[in-house]
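Residue numbers (the working numbering): 27 to 368. To keep things clear, I will list the structure first and then write my remarks on it.
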Ligand code: NAD
Ligand code: UDP
């Protein structure tokens, strides 16, 4: 159940000025949800925490700071409805919460391949621990799954019914199979223990606060273009990705959490505008106004050749579509990197 807390009007952003309650007491009562965001100090998690705090939720941001940083949530640190908790999701957690967004997991290939065993543990043990917490507290729980569950897809665009084409023993398997097993656990806790679950399959997301050194294509290209270095295109650059701006993605995650209980997912969340990697490189060079050239490097093993979400389910069930055009989102991301590189 949501907690009842006493809020002092001049200090607390949760203060609800409805002109009805508590006028004679000098304070007002407000009901706020307690929301746990695992991986909350990461790229997507920090944007999600910002939005939840702004909505008046009581947010616990849990992170082990493997790829996330306190700086990402610095602007929230002093707020009374925000709390940082250093914890690793591979260990059990005892807190009382109403909702859980389970985002803890490194997302970029160089980070999740650095310690692949730990990556699988984070997805699998992390899911077990967070689902156990949801079961005990009766909290609603959302899993940040991924388009990587489709592997190197044989159908295009990818719809949720597609079962995927993942190499279970390749260098990406620790992430892909970890996330697939986490989905299995979510649906088994749903069927066996009636835990209130949501599963979002997130496609490539970009925006301010992306890790500058995580080797992902958007951050790499922007940094290379801004410093006049060659843009490193892997393979011949004909492989495709579909890039979703982080604000759109956070809207999708929040809509899924708020959706009626029968909408458990999985639901694809991504921007269906598909680009080849060479097109993306040229777009970044153009927006930055850079003199950088394109340099071709070997394609990493098991690199998916095409990726584009079918978002019909998100449109129909959540009334969600992304609204930020790639050029607009790239400009915002470039502005962020420009101010942080100075
Ligand atoms: P990120 O690396 O910025 O954030 C992950 C956060 O989880 C970091 O703050 C990290 O320190 C934390 N973390 C990692 N292992 C942990 C552990 N064992 N215990 C506690 N905290 C831990 O990545 P992101 O891009 O913000 O991704 C967030 C989530 O969304 C991830 O689950 C990722 O798999 C998923 N996702 C992201 C994308 C994308 O394009 N960014 C695409 C698909 C899915
Ligand atoms: N990529 C690239 N140059 C880079 C970084 C990545 O050409 O400097 C390619 C990579 O091989 C892949 C695509 O861009 O085909 C997206 O890579 P990223 O690591 O961002 O995401 P993922 O492969 O996990 O979708």
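Each residue gets a CB set at the ideal place from its N, CA and C atoms; glycine is no exception. Computed from a prediction, not measured in an experiment: that's the story for all the values here.
Reduced DSSP category for residue i - H, G, I as helix; E, B as strand; rest coil
i	result
residue 111	strand
residue 327	coil
residue 270	strand
residue 353	helix
residue 48	The pLDDT assigned to residue 48 is 42, lower than 50, so where the model puts this residue is not dependable; a value taken from the coordinates is nonetheless given after this. Three-state DSSP puts residue 48 in coil, outside helix and strand.
residue 342	helix
residue 224	strand
residue 316	coil
residue 116	coil
residue 243	helix
residue 42	In this predicted model, residue 42 has a pLDDT of only 45, less than 50, meaning its place in the structure is not dependable; the value taken from the coordinates is given anyway. Residue 42: coil per DSSP, three-state reduction.
residue 155	helix
residue 288	coil
residue 84	strand
residue 359	helix
residue 364	helix
residue 214	helix
residue 296	coil
residue 140	coil
residue 248	helix
residue 237	coil
residue 160	helix
Near the ligand UDP: residue i beta-carbon under 8 Å from a heavy atom
i	result
residue 206	no
residue 244	yes
residue 339	no
residue 265	yes
residue 145	no
residue 69	no
residue 271	no
residue 378	As shown, the chain starts at 27 and ends at 368. That puts residue 378 outside it, with no answer to give.
residue 255	no
For residue i, the nearest candidate out of the options (CA to CA)
i	options	result
residue 336	187, 218, 80 and 317	187
residue 170	225, 160, 217 and 69	225
residue 303	345, 246, 347 and 327	246
residue 258	219, 321 and 285	321
residue 87	116, 127 and 57	127
residue 216	93, 350, 356 and 288	288
residue 275	75, 290 and 59	75
residue 295	361, 333, 308 and 219	333
residue 229	133, 353 and 110	133
residue 201	235, 238, 138 and 218	138
residue 115	323, 152 and 326	152
residue 223	165, 61 and 236	165
residue 265	307, 57 and 341	307
residue 90	107, 176 and 67	67
residue 213	58, 167, 249 and 250	167
Identified DSSP bridge partners for residue i
i	result
residue 177	191
residue 253	Per DSSP, none; premise fails for residue 253.
residue 166	125
residue 97	The partner list for residue 97 (beta bridge, DSSP) is empty, contrary to what the question assumes.
residue 302	266
residue 392	With the chain represented from 27 up to 368, any question about residue 392 goes unanswered, as that position is not in the structure.
residue 76	Answer is none; residue 76 lacks a bridge partner.
residue 102	Paired residue(s): none; residue 102 is not in a bridge.
residue 335	184
residue 232	271
residue 322	259
residue 64	88 and 128
Heavy atom of the ligand NAD within 8 Å of residue i beta-carbon
i	result
residue 329	no
residue 177	no
residue 187	no
residue 123	no
residue 168	no
**Asked** What residue ranges within the stretch 183 to 207 form continuous beta strand (DSSP E) runs of no fewer than 3 residues, ordered along the chain?
**Response** Segments of the beta strand (DSSP E) lying fully in the stretch 183 to 207: there are none.
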